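Engineer: Under the working numbering, the residue at position 166 of the sequence shown is numbered 558, and the numbers go up by one with no gaps. C-beta: ideal position from N, C-alpha, C; glycine also. Remember, it's a predicted structure, so these values are computed and weren't measured experimentally. Can you read through this structure? Questions will come right after.
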Amino acid sequence: MTVKLLALSGSARRASHNLKLVRAMSDGAVAAGAEVTLIDWNAFVLPVFNEDIESELPAAAVQLKTLFASAQGFLIAEPEYNGGYSALMKNAIDWVSRPLPGTPPGSVFKNKTVVIAGATTGRWGSVRSIRQLREVMGYLGCIVLPDTLSVNEAGKAFDADGKLLDAKTAELAAATGAALARVTAALHKP
Ligand SMILES: Cc1cc2nc3c(=O)[nH]c(=O)nc-3n(C[C@H](O)[C@H](O)[C@H](O)COP(=O)(O)O)c2cc1C
Numbered sequence: 393m394t395v396k397l398l399a400l401s402g403s404a405r406r407a408s409h410n411l412k413l414v415r416a417m418s419d420g421a422v423a424a425g426a427e428v429t430l431i432d433w434n435a436f437v438l439p440v441f442n443e444d445i446e447s448e449l450p451a452a453a454v455q456l457k458t459l460f461a462s463a464q465g466f467l468i469a470e471p472e473y474n475g476g477y478s479a480l481m482k483n484a485i486d487w488v489s490r491p492l493p494g495t496p497p498g499s500v501f502k503n504k505t506v507v508i509a510g511a512t513t514g515r516w517g518s519v520r521s522i523r524q525l526r527e528v529m530g531y532l533g534c535i536v537l538p539d540t541l542s543v544n545e546a547g548k549a550f551d552a553d554g555k556l557l558d559a560k561t562a563e564l565a566a567a568t569g570a571a572l573a574r575v576t577a578a579l580h581k582p
């Protein structure tokens, strides 16, 4: 059975370093046999979550939740904003955590696997945001793999094609994706 993974950058920025990083992680997952769907945030523009507007449900929330529901695991590359993970990611998590009409009941997170890495232009990389997001994903019932990668000074880390310049870092990024693919496949072994 082919494992289905969802890949998410915590930044919607067009030239996002985290988008480049999650692509590198996805390459590793695909090489290990997984099928990866990369989220394009421009196709899922969500309002800031507010229980008052849940009844006027944005179509993007239903579509996003459907994608989360169909995935068996999540690959995430998360930036750091003011010492925390991104509002974009928290907003998406809050929307897809809700029981939306037209989508199957139950949690889209419980017992799903997740690997969380991240990149920032700062000296310390995404260490704080990765730690915080690991806690939230664990709270939601995800199996958070120990594999991770924090890329610092991301402005210098990628070439013009969006590939990681340092071979060891590229290897680690691919290894996070491969680890997620392998563990998820093992959990879903018939
Ligand atoms: C509002 C804001 C806050 C930021 N806070 C941090 C931070 O706490 N730590 C850090 O290393 N970089 C910080 N940065 C720099 C980001 O790491 C940098 O903009 C990064 O490229 C964002 O990720 P992206 O390339 O995927 O869009 C901040 C940037 C912005 C715009």
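Can you tell me whether Tyr473 is helix, strand or coil according to DSSP?
Structural biologist: Numbered from 1 along the sequence shown, position 81 holds the residue referred to as residue 473. DSSP places Tyr473 in strand when its eight states are reduced to three.
Engineer: Spatial neighbours of Ile535 within its chain, please: CB distance less than 8 angstroms, with the 5 preceding and 5 following residues excluded, ordered by chain position.
Structural biologist: On the sequence shown, position 143 is the one that residue 535 refers to. So the qualifying residues of the chain are Asn503, Lys504, Thr505, Val506, Val575 and Leu579.
Engineer: Given 8 angstroms as the limit, is there contact between the region 421-434 and the region 523-533, that is, 3 or more CB pairs closer than that?
Structural biologist: The region 421-434, when compared against the region 523-533, does not touch it at the 8 angstroms Cβ threshold.
Engineer: Measuring only the C-alpha atoms, how far is Ser478 from Val437?
Structural biologist: Against the sequence shown, residue 478 aligns to sequence position 86. Against the sequence shown, residue 437 aligns to sequence position 45. One C-alpha to the other measures close to 15 angstroms.
Engineer: Could you tell me how far apart the beta carbons of Ala546 and Thr513 are, in whole angstroms, since I believe they sit closer than 8 angstroms?
Structural biologist: On the sequence shown, residue 546 is found 154 positions in, with the first residue counted as 1. On the sequence shown, residue 513 is found 121 positions in, with the first residue counted as 1. Contact holds; Cβ gap of about 5 angstroms.
Engineer: Can you give me the C-alpha to C-alpha distance between Ser401 and Ile468, rounded to a whole angstrom?
Structural biologist: What you label residue 401 is simply residue 9 of the sequence shown in a count that begins at 1. What you label residue 468 is simply residue 76 of the sequence shown in a count that begins at 1. Going from the Cα of Ser401 to the Cα of Ile468 covers about 6 angstroms.
Engineer: With a cut-off of 8 angstroms on the beta carbons, I'd call Ala461 and Pro496 a contact; round off their distance for me.
Structural biologist: Taking the sequence shown and counting its residues from 1, one reaches residue 461 at position 69. Taking the sequence shown and counting its residues from 1, one reaches residue 496 at position 104. Sure, about 6 angstroms apart at Cβ, within 8 angstroms.
Engineer: When DSSP labels each residue in this structure, what does Ile535 get in the three-state scheme?
Structural biologist: Position 143 of the sequence shown, counted from the start, is the residue given in the question as residue 535. Strand, per DSSP.
Engineer: Measuring only the C-alpha atoms, how far is Leu397 from Ala573?
Structural biologist: The residue given as residue 397 occupies position 5 in the sequence shown. The residue given as residue 573 occupies position 181 in the sequence shown. If you take the alpha carbons of Leu397 and Ala573, they lie about 8 angstroms apart.
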